[in-house]
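Residue 964 in the working numbering sits at position 239 of the sequence shown, with consecutive numbering throughout. In what follows, a single structure is set out as structure tokens and then discussed.
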Amino acid sequence: MTAVGGERSATSLAMMVTRRCNMACAHCSVESSSKIRGQPSEEELTNRVRQAAQAGITAILFTGGEPMLRDKIVMRLMRVARRHGIASAMTTNGFWGRSATSARKTLAALSRSGLGFFTLSYDRFHAEFQGPEPGRNILRAAEDLAIPMNVNVTRVASDPEIGELVRPFEESSHARIRFYDVQRVGRAASFDAGVLRHEVAGACDGARIPTITDDGRVTACNGPAYFQSADSPLVIGSMNSEALDVLLARHRDDVILGTIRAFGPSRLREELSAIPQFQDFPWKAAYAGLCDLCLHINSNPDAAAALRARLSEPKVVAERTAVNLVKQGEASRGHTGRQHSIGAGAAHLWMTSAEHDQHHHRPEWVGRASRVLGRADADWLRMAEYIAWSGLSRRVLPIAKDPAVARWAPAMFGERLAADALREARRELVQRIVLDTIDRELRAMNVEGVLLKGAAMLALDSQDRSDTDFVLPRRTAGDIDILVPADAAAALWQRLSTDSDRAPTRRTGPHHLPPVLVMGMPVEIHTRIMPAFWRLPENAMLRRTMDTPRWQMLKTLDAEGMLVHTMMHLASHVFAGGLKAAWDVACVLARTPWRDVGPLTARGGVRKIPPPSLVSARDRS
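What follows is the structure in structure tokens.
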């Protein structure tokens, strides 16, 4: 259901099973500990699940405190939810994973009860009570049982320890690492503001998921609103006196909450400051975070009343509706969400900044960086891994230092890129020496070869060009791919191999031999550009190869040939290397005027015809 303001009713909610916890973390927003005594009964919790089903809720996040202190009740609640068509998730500190056996046994029981995914909390605060081993046991069990898993890391302004904290979870790509800012609420209210990140920009996704607290209240978000008074806009009401569907409708329709979801609490400050009687509102000189600003405004009943009136004006409602409709449209096209953030959204940022060396100073680029990278669920670990896998750490590292990126990225992100950038530089030095070796061996064999993919870009990069011309920097190749005539492939493999007793006994693909290591660098010797079933016009592509400036016997495909090969190779790998392929395409286009790109059916005049040995070998195949 969509109400005025363009928002749809919440279909997910969080439910506190207990406020008790076996830990007392310094950053806990609801001040959980083992000293908490009161807890809702199982009957009360079951009734809340049933009311959620009647209200159209389709997913419940069971949380606390530590919900697994009441593990049997949690599993029964999940079974009730499943009978009503509700998916179950859970947030836990993972204390129950102290052994591999207990982790697997407990997680399997949760899965049978209806658990669809779960989140493990582990950071500097949890580490004071428990090391990483329980989480690692749980990760292994989750991967074996194919249960999706998040790892939430809560950070402060200085986070040099995060790299070590997440290292135990790097043995598998199963866990999704998410970073949240410590907010100055609950037990963290006593934190010195100087240690926090002070990030107050952007919309608040936390206010999209209402929470049923342990005492039956419904709050605007999970945790930060817990200690707000009953007259705060962040406290929707109580299930002890009103039905849940009524409370959820209020959560959806409240203009203050709608503004927080669409624009963030900074918009509340902007609107309140524009009301004459609140121009002297006692604003702080600086706010420790998003919640600090939000709670300060919403703790003042007079300010909340004035905001409700102002935010209900037709002009503001129309703007909020437009923003929500745009977001819904972006979501329908897959342009929102975590996958877009760490995938296409981030890739677009790296590409546009590298293509235009001043582009990242433009307001629209900074705004896009905030929307894409400012998400709490942005997985910076996987992002760094993907950039490294694409051979782009050296290229992205300067962009990562830009304030528009550095404001969101944990220190770990830049550290990972910097370490891999050094590896890339060393790898490229070795690759150039290996290409010298391959060229020398091909001269001895009187055979020419064609470099493919990243190795081709490395060869082209040494061409002369004006220092004033900006050319997109190429990526670093992972290995070396070279195409030679089929009847020369085995001989070249033997000449490059340092083990004279070893011979290529089988191919790892129909179009190339097993890789041979030269100075530790994998070299893949192709007999075709790609397998025949892809039906590339290889004869036409090979008639138009280009010389390389540094090597006598090494050629590359021409611009059009490289573009065709890049895109076909991307398709053959189910589009997994999108950033790498897009970067290669942009590099080819940046280095080659369009007037030099002719149809692959052209027979001459566009590119130099390669030596007969290569053409005849290809024609014979």
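Idealized CB from N, CA, C, for every residue including glycine.
- In this structure, residue 911 lies near residue 951, with their beta-carbon atoms less than 8 Å apart.
- Straight-line spacing of the CA atoms in residue 1049 and residue 979 works out to 14 Å.
- Taking a contact as a CB-CB distance under 8 Å, the pair residue 1281 and residue 1213 does not count as one, their CB atoms being some 18 Å apart.
- Residue 735 and residue 972 have their alpha carbons spaced roughly 11 Å apart.
- Within its own chain, the residues whose Cβ lies closer than 8 Å to the Cβ of residue 1257, once the five positions on either side in sequence are excluded, are 1235, 1236, listed in chain order.
- The alpha helix (DSSP H) runs of length 4 or more contained entirely in the region 1120–1155 are, from start to end of the chain, 1128–1131.
- In this structure, residue 1134 sits near residue 1098, with a CB-CB distance shorter than 8 Å.
- The C-alpha of residue 1306 lies about 15 Å from the C-alpha of residue 1118.
- Taking all protein chains in view, the Cβ of residue 826 is surrounded by fewer than 16 other Cβ atoms within 10 Å, so the residue is classified as exposed.
- Secondary structure note for residue 1017: its alpha helix (DSSP H) is the uninterrupted segment 1015–1023.
- Its chain contains 1118, 1121, 1142 as the residues whose beta carbon lies nearer than 7 Å to that of residue 1112, once the 5 sequence neighbours on both sides are disregarded; these appear in chain order.
- Between residue 1308 and residue 1137, the CB-CB gap reaches or exceeds 8 Å.
- The residue from 1271, 1003, 1096, 895 with its alpha-carbon nearest to that of residue 927 is 1096.
- With contact defined as three or more Cβ pairs closer than 8 Å, the region 929–948 and the region 1035–1044 are not in contact.
- Bounds of the alpha helix (DSSP H) holding residue 831 are 825–838.
- Take the alpha-carbon of residue 772 and the one of residue 1073: they are about 47 Å apart.
- Per DSSP, the unbroken alpha helix (DSSP H) holding residue 1294 starts and ends at 1284–1297.
- The beta-carbon separation of residue 944 and residue 961, rounded to 7 Å, stays under the 8 Å limit for a contact.
- Counting the other Cβ atoms within 10 Å of the Cβ of residue 874 gives 16 or more, which makes it buried.
- Using a Cβ distance threshold of 8 Å, residue 899 and residue 1014 do not count as a contacting pair.
- Nearest to residue 850 by C-alpha distance, out of 769, 748, 947, is 748.
- Residue 895 carries a coil assignment under DSSP once its states are collapsed to helix, strand and coil.
- Residue 807 and residue 1005 have their C-alpha atoms roughly 52 Å apart.
- Residue 1035 places its beta carbon less than 8 Å from that of residue 996.
- Here residue 1255 is buried, its C-beta having at least 16 other C-beta atoms within 10 Å.
- Residues of the same chain with a CB within less than 7 Å of the CB of residue 1243, apart from the 5 flanking positions on each side, are 1159, 1162, 1221 in chain order.
- Take residue 968, set aside five residues on each side of it, and no residue of its chain has a beta-carbon closer than 6 Å to its own.
- Bounds of the alpha helix (DSSP H) holding residue 1111 are 1105–1114.
- A Cβ-Cβ contact shorter than 8 Å links residue 863 with residue 822.
- Residue burial is scored here from C-beta neighbours: residue 1179 has at least 16 other C-beta atoms within 10 angstroms and is therefore classed as buried.
- For residue 844, the pairing in a beta bridge is given by DSSP as 816, 875.
- Residue 763 is classed as exposed because its beta carbon has fewer than 16 other beta carbons within 10 Å across all chains shown.
- In its chain, beyond the 5 residues on either side, 946 have a beta carbon closer than 6 Å to the beta carbon of residue 931.
- In this structure, the CA atom of residue 901 is about 15 Å from the CA atom of residue 815.
- The three-state reading of DSSP puts residue 851 in helix, counting H, G and I together.
- Inclusion of residue 743 and residue 801 in the CB contact set at 8 Å is not warranted, their separation being larger than that value.
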